[in-house]
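**Q**
There are 2 protein chains.
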Amino acid sequence: MYPTNRGILKPTNYEWSRFMKAPKYKVIINYVKEQITHGIWPVGSRLPSQRDLAKQFGVNRSTVVTALEELAADGLLEGKLGMGTIVINNTWTLMRSAPPVNWNVQVGRGTHQASLSTVQTINLAESDKSLIQLSKGELSQDLFPLEEMRSVLIKVGHELEPFGYEDPKGNRQLREAIAQYLAQKGIMVDASSILVVSGALQALHLISIGLLERESTVFLENPSYVQSLSTFQSAGMKLHGISMDTEGIIPEMIKEAHQSKNSVLYCHPNFHNPTGTLMGETRRHELLRLAETAQLPIIEDDVYGDLWLDSPPPSPIKSHDRHGNVLYLGSLSKSLNPGLRIGWVAGPEAVIDRLADLKMQTDYGSSSLSQRAAAEWLSSGLYEKHLTNVREHLKVRRNAALEALQKHLGNYAEWEKPEGGFFIWVKMNSDISLSDLYRKALAHGVLINPGRIYATQKMQNFRLSFANAPVEDLIKGIAILESLIED
Amino acid sequence: MYPTNRGILKPTNYEWSRFMKAPKYKVIINYVKEQITHGIWPVGSRLPSQRDLAKQFGVNRSTVVTALEELAADGLLEGKLGMGTIVINNTWTLMRSAPPVNWNVQVGRGTHQASLSTVQTINLAESDKSLIQLSKGELSQDLFPLEEMRSVLIKVGHELEPFGYEDPKGNRQLREAIAQYLAQKGIMVDASSILVVSGALQALHLISIGLLERESTVFLENPSYVQSLSTFQSAGMKLHGISMDTEGIIPEMIKEAHQSKNSVLYCHPNFHNPTGTLMGETRRHELLRLAETAQLPIIEDDVYGDLWLDSPPPSPIKSHDRHGNVLYLGSLSKSLNPGLRIGWVAGPEAVIDRLADLKMQTDYGSSSLSQRAAAEWLSSGLYEKHLTNVREHLKVRRNAALEALQKHLGNYAEWEKPEGGFFIWVKMNSDISLSDLYRKALAHGVLINPGRIYATQKMQNFRLSFANAPVEDLIKGIAILESLIED
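Laid out in structure tokens, this is it:
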């Protein structure tokens, strides 16, 4: 139901309910709640008259009454004789009237601010099943390995022994299975240098609250999906976007920008989100050298690495790391299933120890059941078999998308063929307004992610996911884009 | 493996490895790592000679060599001809040399600082199977419902349908099962007012980072197990302990201390940890009235509520809450199993929405497998059956513990009989030094939790858990305490 650019504050319920055509009384309820939440209507204030509300929302007075009755039952309102309807409670909302992250102040360092409402709208639109999802960075449910997942669970069930809290770094068997899996990528780490996390986002959360000082600089690819998250920003980090070329993030530009000790490089060498770029082998070595000489640690995010379509990618940067400069993130969310909530961090043991402490302080570890299921997937060979199948299907999807793009948008856009992952980064000709296209597409039932939510500057690109929608919808959606442009 | 007072920074590996008698070369490795981590030996610095290290640790030089070789393989050290052994890497550790929470500065508001090393030692000692665990707040593995857990998993496996990211508030079926379960306690909430979390600690983490302003005051029972956690403090909250009587926390004392708007009351009415106190019905109403009149929101922690032993406790405060002043926390960790990592928060929908957003930003939701298993436990009636069994066994354990206390410590201590939960709060006579008793007990293989880790002042109590150790160990452990006192 959710995309790769999650973890974003929702639009107000009110905006959303209007957008999604919720029942009218619900729209009114959400509107009233938000006036109270935001302190616009403090405790003791009187609501507009029922007649005025009815007029404002273009509904019958009975609809207004239904809404107010529900709000009264919630303890938020009270009808007082001769005084109309009064706000009687907002205790919790008094405590913090603004969301914890102030998106208006800091989303990037550039002059162009990512649009809050766009990110929010996309986030919720991604769970709208009536839309053609050219946006969602999640494997299609057609690719859910139902038989295998069932058999894994049943096996875990049959073999279950009593369990309780797991080891702070995660279930031992799972960590050993991860160590073996990483060894196939050339990453030689002991289970004690691995932390099991509930997905790569949690790893970023732990790193940002536990390893980085406030005001640290995070260098990252520009564009980057992290620009649409609040993970680093809410921990007080500054994001500093670095340009990319066809080989990935450009080391010289990091060198130029790297001033203080308190910096870290976050990068995404395999099938970068959103651009699909595959970082070449030389570039990987250059980044590692930079890390070594400039004491700039690297967070290497490899959640798409298993989803190569043509040939395996070069070895991870981590596989060449001899001095513990790289923290490596992986996950089953993209390649197998996000509902397991299983990912991992591999790095120097002292760092992993610290992250494990922090994980204990926030959630006492990941689900024992998920950890056991993940261990079974990895160690039984089922995961490798699943990958073979997924790659085959994703390749068909990618090729269909490329073909449809050529047919329908060949005159209006350009793109590179991605060698893996979920995304094609489509650059529209400069005379086409991306924000218009996004809006019109949404109105016509097609959801795309305009590039500006990933970048600090204006973008002529959108991110097209070929992983989620059925192939026929993929083609249909691209055709609709063509017709909208021709309009 | 872990207790109720978790989420605490570990002692240094070095201290711990010495304490636990790890192999000597491991002790040396941990020592060297920590010198580097803490910046005592910066990059480029030379280690003491092998001979000096051997002398310092009282080992052969070959043991030192083994340790240094392992550290060199980790990329931390390098032997340089004629220069000895040099530190060559500490990139990650440079970034933040102190742990994120500075325990030395702020653990309570009183004059007595909780001892860091005691909390840390206990935390790790709780996973030492050779000790008699009079400390651990976790159900004995004898009470793990193995057959039922297996059958639940197998059923979930057979009935599995494709899943992905769950709804931000958690799996719908689970939330509906929780709503029904809460209705039995008189808490009438809709599934949309419930957030599934990975245990009650995560709820506290989300509340403290998302609802409370920095510098807010958290009123809480004194003593409170929260004093041994860093959850609120690491989010910048001030803890303000309030005295208790036999009915629980004293409302008048909150009134006196309550100055600013930015305050919240955290309390634990059912079988309070660590004292076992059950809050009376009148007291519950008083607290709710206080919340209403003083606009002081309440976080009601009810993780032990299902574990009543004699008769069901009064209804939760939340069941009387008509104005959305109470956030109610529950969990399966204490009463069923902590490895599921499933708990919940019930409260005003607007607050739950906000917490759900925050949960998305930190981990994208809890495990789908655990959520499905929890839903099955709750809706099948298996959970209720399990509780009946657990209550019966816990009652036997409590009574055995009380009897042993009477027999062995009757002359040295006093206590109240707890009506539920896991703990007896044993108050030693004033001529007995609690810290001596704790240390000697540990040296003799018995782990108790001295009261001072839960309080801001000195305490003559210790927390005895009757939930974890086998009954014969429970009795044996108490007898050992007697012999230590008599010495």
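Each protein sequence line maps, in turn, to chains B and R. Using numbering that gives the first Met the number 0, the first residue of the first sequence is number 0, and each one after it goes up by one. Using numbering that gives the first Met the number 0, the first residue of the second sequence is number 0, and each one after it goes up by one. For every residue, glycine included, the Cβ atom is placed at its ideal position computed from N, Cα and C. Computed from a predicted model, the values in this text were never measured in an experiment.
#1: If we call anything under 9 Å between Cβ atoms a contact, is B/G136 one with B/N467?
#2: From the DSSP output, in three-state form, read off R/K79 for me.
#3: Which bits of chain R does B/Q201 rub up against, with CB to CB less than 7 Å?
#4: Quick test of your reading: B/L142 and B/V389, contact by CB under 8 Å. State the CB separation rounded to the nearest angstrom.
#5: Run the CB neighbour count on B/S96, radius 10 Å, all protein chains shown included, and call it buried at 16 or more, exposed below.
#6: Would you grab the beta carbon distance between B/A531 and B/I193 for me? Rounded to a whole angstrom, and I think it's under 8 Å.
#7: Going by CA-CA distance only, name the one from B/P41, B/A478, B/G83, B/E299 that's closest to B/E402.
#8: Going by the DSSP bridge assignment, what does B/A412 pair with across the sheet?
#9: Could you spell out the range, first to last residue, of the alpha helix (DSSP H) harbouring B/K475?
#10: Would you mind listing the beta strand (DSSP E) stretches within the region 211–265 of chain B that are 3+ residues and don't spill past its ends, in chain order?
#11: Could you give the first and the last residue of the continuous beta strand (DSSP E) run that contains B/W376?
#12: Run through the region 135–196 of chain R for me and flag every whole beta strand (DSSP E) of 3 or more residues, listed as ranges in chain order.
#13: R/K333 touches chain B at which residues, Cβ-Cβ below 8 Å?
#14: Tell me whether R/V217 is buried or exposed, calling it buried when 16 or more other Cβ atoms sit within 10 Å of its Cβ.
#15: Start and end of the alpha helix (DSSP H) containing B/L433?
#16: Establish whether the CB of R/V104 and some CB of chain B are separated by less than 9 Å.
#17: With a threshold of 6 Å on Cβ separation, who are the neighbours of R/N428 within its own chain once the five nearest residues in sequence on each side are excluded?
#18: Using C-beta distances below 7 Å, list every residue in its chain close to B/I28, excluding the 5 sequence neighbours before and after it, in chain order.
#19: In this structure, how does DSSP classify R/S318 when only helix, strand and coil are distinguished?
#20: Output needed for R/G279: all residues of its chain with C-beta closer than 8 Å, excluding positions within five of it in sequence on either side, in chain order.
#21: Using 9 Å as the threshold, is the C-beta distance between R/L326 and R/G346 below it?
#22: Pick from B/P250, B/D51, B/Q201: whose alpha carbon is nearest that of B/S242?
#23: To the nearest angstrom, report how far apart R/H443 and R/K25 are at their CA atoms.
#24: Between R/N448 and R/R462, how many whole angstroms is the CB-CB distance? I'm expecting something under 8 Å.
#25: Using a Cβ cut-off of 9 Å (strictly closer), state whether R/D320 contacts chain B.
#26: Tell me the rounded alpha-carbon separation between R/S191 and B/F231.
#27: Could you pull the start and end residues of the alpha helix (DSSP H) that R/D51 belongs to?
#28: Taking buried to mean at least 16 other C-beta atoms within 10 Å of its own C-beta, is R/K333 buried or exposed?
#29: Decide if B/H239 is buried, meaning its Cβ has at least 16 other Cβ atoms within 10 Å, or exposed.
#30: Counting only beta-carbon atoms, is B/L339 nearer than 9 Å to chain R?
#31: In three-state terms, what does DSSP make of R/Q294?
#32: Taking the straight line between their C-alpha atoms, what separation do you get for R/S229 and B/L354?
#33: Please name the residue in B/T117, B/F56, B/N221 whose C-alpha comes closest to that of B/A454.
#34: Please report how far the alpha carbon of B/Q459 lies from the alpha carbon of R/S318, in whole angstroms.
#35: Going by other Cβ atoms of all chains shown within 10 Å of its Cβ, with 16 needed for buried, is B/S482 buried or exposed?
#36: Comparing the C-beta of B/E471 with each C-beta of chain R, is any distance below 9 Å?
**A** Taking the definition as stated:
#1: yes
#2: strand
#3: T361, D362
#4: 6 Å
#5: Any reading at B/S96 needs caution, since the residue's pLDDT is 34, under 50, leaving its predicted position unreliable; the model's value is listed next. Classification for B/S96: exposed.
#6: Only positions 0 to 486 of chain B appear in this structure, which leaves residue 531 of chain B out of reach.
#7: B/A478
#8: Partner(s): B/M427.
#9: 470–485
#10: The qualifying runs are 216–220, 237–241.
#11: Here B/W376 belongs to no beta strand (DSSP E); instead the alpha helix (DSSP H) covers 367–379.
#12: You should have 193–196.
#13: The premise fails here: R/K333 is roughly 11 Å from chain B at the closest Cβ pair, so nothing lies under 8 Å.
#14: Burial of R/V217 is indicated by the presence of at least 16 other C-beta atoms within 10 angstroms of its C-beta.
#15: 433–442
#16: A caution first: R/V104 carries a pLDDT of 27, below 50, which makes its placement in the model unreliable, though a value can still be read off. Not an interface residue.
#17: Y411
#18: Cβ-Cβ distances below 7 Å link B/I28 to A66, E69, L70 in the same chain, with the five nearest sequence neighbours on each side left out; the list follows chain order.
#19: Helix at R/S318.
#20: E246, G247, P313
#21: yes
#22: B/P250
#23: Answer to the nearest angstrom: the Cα atoms are 25 Å apart.
#24: 4 Å
#25: yes
#26: In this structure, the alpha-carbon of R/S191 lies about 29 Å from that of B/F231.
#27: Residues 49–56.
#28: buried
#29: buried
#30: yes
#31: Coil.
#32: 15 Å
#33: Of the candidates B/T117, B/F56, B/N221, the residue whose Cα lies closest to the Cα of B/A454 is B/N221.
#34: 54 Å
#35: exposed
#36: Among the residues facing chain R, B/E471 is not included, as its CB has no counterpart in that chain under 9 Å away.
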